[in-house]
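Encoded as structure tokens, the structure appears first; notes follow it.
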Amino acid sequence: MNRILPSAALAGLTACAIQPANPVDGLERMLAAHDSATAALEQWCEQQGLANPARVIAAQTPGQLVADPSDLRSLLGVGAEELLGSRHVRLTCGGRLLSQAQNWYVPARLTPEMNAVLASTTTPFGKVAAPLGFKRELIETRRGSGPDCPADTVLFQRALLRLPDGRPLAHVLECYAASALPASR
């Protein structure tokens, strides 16, 4: 016997299918759907109603980056003599911590203007470098904490950002905070 469900019931079923049971699943899917973690976090911030407008800020974190990953120069395709840039930032939206990120990048593969913005503003790397059309290549993802992540980390990701010609642009270590999840409001 076929039954026709009222549209309100269908909408409820559709919402159930879209909303993951575990909020980390939703965050992980959002990140997987974007080449820029910044773009993913801005959409996440908007979707979760964390701020209006949903704008991600990258505040420099005092202190040093963790030691360079042992495979960093190999991953970035640079020799020992090539200059690397780095940023250790806290990404927030509406004052709410979303993640902490450590980023190593090849300044020679950015424009001088992009390098200046990275050195002097709170604009996230992904937004600054977006005009280059980079693609995100996930190297590692795990639930919970990763190397040098804070205790409240719910998701750790390590990724490589590649230019359209395949050259690596940046390597990132990202620690996504519990405060980024809707249940922690």
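Each residue of the sequence shown is one higher than the last, beginning at -5 in our numbering. Heads up, the beta-carbon is just placed ideally off N, CA and C, and yes, glycines get one too. Note that the structure is a prediction, hence the values are computed from the model and not measured.
Identity of the residues DSSP links to residue i by a beta bridge
i, result
"Thr86", "Ile51, Leu91"
"Arg137", "Leu149"
"Gln96", "His82, Leu167"
"Arg67", "Partner(s): none; Arg67 has no beta bridge."
"Arg23", "Note: Arg23 sits in no beta bridge, so no partner."
"Glu76", "None, per the DSSP bridge assignment."
"Leu126", "According to DSSP, Leu126 bridges with nothing at all."
"Leu132", "Ala153"
Close beta carbons around residue i, own chain, < 6 Å, minus the five adjacent residues each side
i, result
"Gln94", "Arg84, Cys169"
"Arg81", "Asn97"
"Leu132", "Ala153"
"Ala45", "Cys39, Cys87, Gly88"
"Val50", "Thr32, Leu35, Glu36, Leu85, Cys87, Pro118"
Residue i, enclosing alpha helix (DSSP H) - first and last residue
i, result
"Val148", "Note, Val148: premise wrong, no alpha helix (DSSP H); beta strand (DSSP E) at 147 to 156."
"Gly120", "119 to 123"
"Pro106", "106 to 114"
"Glu40", "31 to 41"
Where the beta strand (DSSP E) through residue i begins and ends
i, result
"Pro162", "162 to 171"
Close Cβ partners of residue i (< 8 Å) along its chain, the five nearest in sequence each way excluded
i, result
"Ala34", "Met24, Leu25, Ala27, His28"
"Leu91", "Arg84, Leu85, Ala171, Ser173, Ala174"
"Asp65", "none"
"Arg(-3)", "Bear in mind that the predicted position of Arg(-3) carries a pLDDT of just 42, short of 50, making it unreliable; the figure below should be weighed with that in mind. Closer than 8 Å at Cβ, skipping near neighbours: no residue."
"Ser139", "Ala145, Thr147, Phe150, Cys169"
Beta-carbon proximity list for residue i, same chain, < 7 Å, skipping 5 on both sides
i, result
"Pro176", "Pro17, Gln42"
"Ala74", "Arg67"
"Leu101", "Per the sequence shown, the amino acid found at residue 101 is Pro instead of Leu. Within the same chain, Pro101 has close Cβ partners Leu77, Gly79, Asn109."
"Thr8", "With a pLDDT of 38 at Thr8, under the threshold of 50, the modelled position of that residue is not reliable, and no figure is offered here."
"Ala48", "Glu36, Cys39, Glu40, Cys87"
Inspect the CB distances between the region 72 to 89 and the region 28 to 47 and report whether three or more fall short of 8 Å. yes
So, does the region 126 to 145 touch the region 157 to 171, judging by three or more C-beta pairs under 8 Å? yes
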